[in-house]
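As given, the protein sequences belong to chains S and H, one line each in that order. The first sequence: position 77 = 424 (our numbering), numbered continuously. The second sequence: position 140 = 145 (our numbering), numbered continuously. Each residue gets a CB set at the ideal place from its N, CA and C atoms; glycine is no exception. Because the structure is a prediction, the values reported are computed rather than measured.
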Amino acid sequence: MQKFRISFFFLLVLVASVPSHAASVFEGKTITVIVGYKPGGGYDRYARLIAKHLPKYIPGKPGVIVQNMPGASSVIAANHLFSVAKPDGLTFGTFNNATVVAQLIKVEGVRFDLAKFSWLGSAASDAVILTVRSDVPYRSAGDLRKAKQFVIGTTGPGSSTHDFPALLKEFAGFDFKLVPGYSSSADVMLAVERKEVDGRAGSFDSIKPFIDRGLVRPILRNRTTAPGIEKLPVDEDLATSQNGKIVMAVNAVPTQIYRPFVAPPATPKDVMKILRDAFANALKDKELLAEAEKGKMTIDYTSPEDALKVVAEVLSQSPDIVQELTKHIKFGD
Amino acid sequence: MLDTFIQGLFAVFQWQTFLVMLLGIFLGFWVGLLPGLGGTTTLALMLPFIYKMSPVEAFAFLLGMHSVVSTTGDITSVLFGIPGEGTTAATILDGHAMAKKGEAGRALGAALMSSLIGALIGAFALALSIPIVRPLVLTFGAPELFMLAVVGVAFISSLSGEGGRALLRGILAGLLGLLFALVGQDPQAGVQRFTFGQLYLWNGLDLVPVLVGLFAIPEIVDLAVRGTSIAGELPQENLSKGVWTGVKDTFVHLGLTVRCSLVGTFIGIMPGLGGGVAQWIAYGHAVQSARDSEERTGFGRGDVRGVLGPGAANNSKEGGSLIPTIAFGVPGSSSMAILLGAFFLQGISPGPDMLDKHLVLTFSMVWTMVVANIITVAVSLFFLNYLAKLTLIRGPVLIPFVLFFSFIGAYTSNNHLGDLAVLLAFGFFGYLMIRCGWPRAPLVLGFVLGRIAENNFYISTIRYGSAWVGRPLVLMLISLTVIVLFFPLIRSKWQESTKGETQ
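Spelled out as structure tokens, the structure:
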């Protein structure tokens with residue numbers, strides 16, 4: 348009995364010390380958030396917003412700083428998080444959501460496996476839409492299909508401005524003339540206004556101000572929806588072949604985890620629990636939400652488990668689909 | 006409209022606004038001085054601080070910082086031959102040459118005064134162009150932008166120096182620059198070009214390490230070899246007294262200064278041309294203003310006009326690049342893209358609204374640029390004497406600091422060791438170029454214009470087939486290109502014939 352009591356007592360002490368051990372991991376330390384892009388861009392702003400409000404929810408109130416590691420559409424940052432950063436909970440990061448496609452189509456230079464990262468979750472999803480200039484006579488997807496050589500401006504293969512209409516052209520019978528080469532999606536918008544091109548695809552968040560201004564009208568979206576565009580037809584529904592539907596789905600699915608945040612693989616479970624809870628709570632924080640609203644940043648939390656499901660869905664595609672995808676999708680900015 | 010214009014001025018002088026503007030100026034002053042630490046990055050880092058400010062305050066802060074960066078960046082370029090900012094590299098060519106002749110004060114005075122005039126012209130262009138800006142920007146499509154890039158490349162003929170051999174070298178250097186611009190993922194098919202499997206090179210070569218390498222490293226090597234201070238062993242009386250001479254120079258050559266300011270403003274207005282181009286074209290134009298071939302050889306060796314041109318242009322482009330940002334929500338450069346983020350943070354959608362509903366804010370931005378630059382130039386003029394004396398410090402003492410700042414500055418581009426590799430590679434290459442007598446300015450121009458030229462050419466051809474060549478503006482720009490290319494030739498032939506007559 349005595350032995351039992353003693354061992355029980357030790358067990359109790361052990362168990363009680365585990366969370367405080369994890370808590371003391373952060374005491375007096377600084378967490379680094381690695382961002383795969385330069386300061387000022389979308390990923391950077393989300394990271395800084397979260398970095399500002401995260402310490403409230405981590406015992407020990409560590410400092411949180413952002414380190415930019417741009418290059419290769421964030422593949423450099425992803426590689427760093429996978430093999431170089433220490434898995435001690437003091438580093439995590441964010442990078443391009445399309446890296447999962449990069450991994451699938453085996454882009455040269457990819458040295459990570461998204462399924463092995465310790466996921467914190469995703470801070471937002473992103474609806475991709477196709478819009479046309481308001482004075483164009485096509486009001487619906489059906490109308491647009493009838494158009495001949497409809498000019499769409501893009502920033503080049505690898506971006507949503509290009510891939511979304513490219514897949515529609517290939518698999519849904521739209522006669523688009525893609526004009527790539529604009530240096531940013533804002534330049535495409537100017538080209539629309541200038542009547543050099545007649546339509547533009549891309550992230551709903553960034554196009555929204557122009558819809559509100561009346562410059563363009565939305566016609567189609569991908570499967571990820573957002574308030575205001577729920578009723579738009581989905582590209583997958585318009586695909587004319589089963590393969591086409593799957594390719595579009597594979598391209599669209601990562602947008603559900605548009606702002607992914609991960610920690611290096613093999614970060615200890617107890618430390619991850621703290622980070623995950625802190626992440627989820629920070630994204631519910633009133634002040635964070637108010638700042639996000641002011642900065643027109645959508646917050647739309649996806650749990651780490653759901654994020655991993657998305658990753659698994661993309662990575663489990665058959666080789667034919669991968670081949671089909673490689674033909675039409677390039678990885679880039 | 007006039008009363009809104011005045012209202013904008015009063016808005017800037019509210020004490021809270023004025024205070025944050027001073028804070029911005031203070032920040033911008035140092036950011037410009039320190040090589041590599043860019044105005045763009047700093048803008049991005051300052052964004053979180055504007056959440057609690059009102060729109061006028063926020064932009065007084067951000068613009069107060071950003072509009073003085075090109076002014077103080079010129080100081081570093083002149084004194085040390087290191088580009089303080091990516092946009093102040095052209096000032097090095099003649100500015101630093103003057104410093105080496107012991108005329109640092111004069112160069113600084115000229116740089117500062119021309120910066121002020123450039124800033125004023127750019128700011129007022131913003132104010133005045135408000136009625137015409139939308140049709141102006143909408144008329145310049147991809148074909149016109151391509152032709153503008155071609156006109157820019159044509160300036161290589163003016164940047165190359167005198168003589169057929171120099172011209173040939175200039176053209177080759179320009180083409181080499183275009184080649185360097187190809188590195189990275191091409192935007193038409195997504196293929197990797199010249200990246201040799203390196204992830205770092207996917208997005209191409211970054212401007213700052215290339216510039217710092219091409220200009221700073223050879224200067225440092227030269228300084229180390231000479232063993233003296235930057236100003237050399239020359240008599241030092243000119244050093245600080247020269248400041249007012251420099252200021253006066255700006256007004257002696259007022260026509261050139263104003264013309265280069267207008268060039269800078271125009272280039273700033275054209276979205277996509279970017280910030281690095283204006284200074285080189287202004288420099289090329291300044292060279293063209295030389296009256297004969299003898300004067301032209303003086304450029305690159307310390308002609309004050311070579312400081313006035315770029316000094317004015319790199320400030321006036323600030324006002325210019327605000328125009329498409331405000332009027333269309335399309336950023337004229339990468340720093341404008343960040344500023345756009347600031348607009349959204351403040352809940353303002355740039356576009357036609359800025360030109361009527363938020364007109365006071367727009368005018369307050371104009372006044373911020375004016376007031377910020379006046380303050381900066383006034384303050385700098387007081388310190389110029391001391392700054393100029395930096396050129397008297399012995400080389401071996403100065404070099405470690407200069408080298409240190411060059412490395413840090415290059416590293417801030419991508420926080421990647423690749424930045425340093427590029428810095429050293431281009432440093433070596435720049436040194437070779439100087440030793441072999443090859444001009445570096447054309448290479449930079451080709452490098453900066455390469456992407457713009459390629460993308461817009463491609464867009465024009467896909468969109469319009471071959472029809473774009475016949476567009477009226479395109480034809481005008483083609484003739485402008487021919488004029489710019491052959492201008493030096495035409496002028497020397499004309500001068501020979503007039504000389505012949507007088508003899």
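- Taken in chain order, the unbroken stretches of beta strand (DSSP E) that lie wholly in the segment 577-622 of chain S and span 3 residues or more are 607-610.
- In the structure shown, the three-state DSSP call for residue 470(S) is coil.
- Here the alpha carbon of residue 386(S) sits roughly 28 Å from the alpha carbon of residue 374(S).
- With a threshold of 9 Å between beta carbons, residue 423(S) makes contact with chain H.
- Apart from sequence neighbours up to five positions away, no residue of its chain approaches residue 227(H) with a beta-carbon distance below 6 Å.
- Just so you know, the alpha carbons of residue 319(H) and residue 427(S) end up roughly 37 Å apart.
- Neighbours of residue 420(H) across chain S, judged by C-beta separation under 8 Å: 414, 415, 416, 417.
- Residue 94(H) and residue 79(H) have their C-alpha atoms roughly 8 Å apart.
- Restricted to the segment 426-466 of chain H, not a single beta strand (DSSP E) segment is unbroken, complete and at least 3 residues in length.
- Of the residues assessed, residue 641(S) falls on the exposed side of the cut-off, its CB having fewer than 16 other CB atoms within 10 angstroms.
- In terms of Cβ geometry, residue 142(H) and residue 365(H) do not form a close pair [threshold 9 Å].
- A distance below 6 Å between beta-carbons, with the five flanking residues on each side excluded, links residue 117(H) to the following residues of its chain, in chain order: 382, 385.
- Annotation: residue 216(H) to residue 40(H) spans about 11 Å, alpha carbon to alpha carbon.
- About 7 Å separates the Cβ atoms of residue 317(H) and residue 287(H), confirming a contact at the 8 Å cut-off.
- Under the three-state reduction of DSSP output, residue 401(H) falls in the helix class.
- Interface residue (Cβ-Cβ distance to chain S less than 9 Å): residue 361(H) is not classified as such.
- Residue 449(S) places its beta carbon 9 Å or farther from that of residue 662(S).
- Contact check for residue 247(H) against residue 393(H) passes: the beta carbons are separated by less than 9 Å.
- Interface with chain S (9 Å Cβ-Cβ cutoff): residue 457(H) is included.
- Contact between residue 337(H) and residue 274(H) holds, since their C-beta atoms are separated by about 7 Å, short of 8 Å.
- Scanning chain S for C-beta atoms nearer than 7 Å to the C-beta of residue 473(H) yields nothing, as the closest lies near 10 Å away.
- Counting along the chain, the unbroken alpha helix (DSSP H) around residue 394(H) starts and ends at 364-394.
- For residue 92(H), no chain S residue has a C-beta closer than 8 Å to its own C-beta; the minimum C-beta separation is roughly 17 Å.
- In the DSSP assignment, residue 463(S) falls outside any beta strand (DSSP E) and carries neither an H nor an E.
- When Cβ-Cβ separations below 9 Å define contact, residue 56(H) makes contact with chain S.
- Counting along the chain, residue 548(S) sits inside the beta strand (DSSP E) bounded by residues 546-550.
- In terms of Cα proximity to residue 378(S), the closest of 437(S), 521(S), 467(S), 543(S) is 437(S).
- Residue-level contact check: residue 500(H) does not touch chain S, since none of the beta carbons of chain S fall below 9 Å from its beta carbon.
- Rounded to the nearest whole angstrom, the C-alpha separation of residue 480(H) and residue 152(H) is 9 Å.
- Per the coordinates, the alpha-carbon of residue 397(S) lies some 12 Å from the alpha-carbon of residue 405(S).
- Under DSSP, the beta-bridge partners assigned to residue 412(S) are 379(S).
- Residue 139(H): member of the alpha helix (DSSP H) spanning 138-144, first to last residue.
- Only 524, 525, 526, 527, 528, 529, 530, 531, 533, 534, 536, 537, 538, 540 from the segment 513-540 of chain S bring a Cβ to less than 9 Å from some Cβ of chain H.
- If you draw a 10 Å sphere on the C-beta of residue 395(S), you find 16 or more other C-beta atoms in it, and that means buried.
- Judged by beta-carbon spacing, residue 254(H) lies within the 9 Å limit of residue 111(H), meaning their Cβ atoms are closer than that value.
- Scanning its chain for C-beta atoms nearer than 7 Å, with the 5 sequence neighbours on each side dropped, one finds around residue 592(S) the residues 583, 586, in chain order.
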